[in-house]
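Notes follow once the structure below has been shown.
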Amino acid sequence: MKAWILDKQAKINEKPLKLVDEYPTPEPKYGQVRIKVKY
Numbered sequence: 451m452k453a454w455i456l457d458k459q460a461k462i463n464e465k466p467l468k469l470v471d472e473y474p475t476p477e478p479k480y481g482q483v484r485i486k487v488k489y
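Count the sequence shown with the numbering used here and you get residues 451 to 489, in order.
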């Protein structure tokens, strides 16, 4: 799955987010939910 990863804590104009094309699909733990977003 594709994912945006926060590479470092910084202001948005410093571009701290990194797009990753191959990221493992997370499995929710007890009391959590996984939400699928389609755009």
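Think of the CB as a built atom: it goes at the ideal place given N, C-alpha and C, for glycine as much as any other residue. From a predicted model like this one, the values you see are computed outputs, not experimental measurements.
(message) Short of 7 Å in beta carbon distance, which residues of its chain neighbour P478, apart from the five on each side in sequence? Order them along the chain.
(response) Residue 478 sits at position 28 when you count from the first residue of the sequence shown. Contacts found: R484.
(message) Whole angstroms are fine: how far does the CA of G481 sit from the CA of Q459?
(response) As a first step, residue 459 must be located in the sequence shown, where it is residue number 9. As a first step, residue 481 must be located in the sequence shown, where it is residue number 31. So the alpha carbons of these two residues sit roughly 27 Å apart.
(request) Using DSSP bridges, identify the partner residues of A453. (result) As a first step, residue 453 must be located in the sequence shown, where it is residue number 3. In DSSP, A453 forms a bridge with V470.
(request) Could you tell me whether the Cβ atoms of K488 and Y473 are closer together than 8 Å? (result) Reading the sequence shown from its first residue, position 38 is the one you call residue 488. Reading the sequence shown from its first residue, position 23 is the one you call residue 473. It is not a contact, given that the beta carbons lie outside the stated cut-off.
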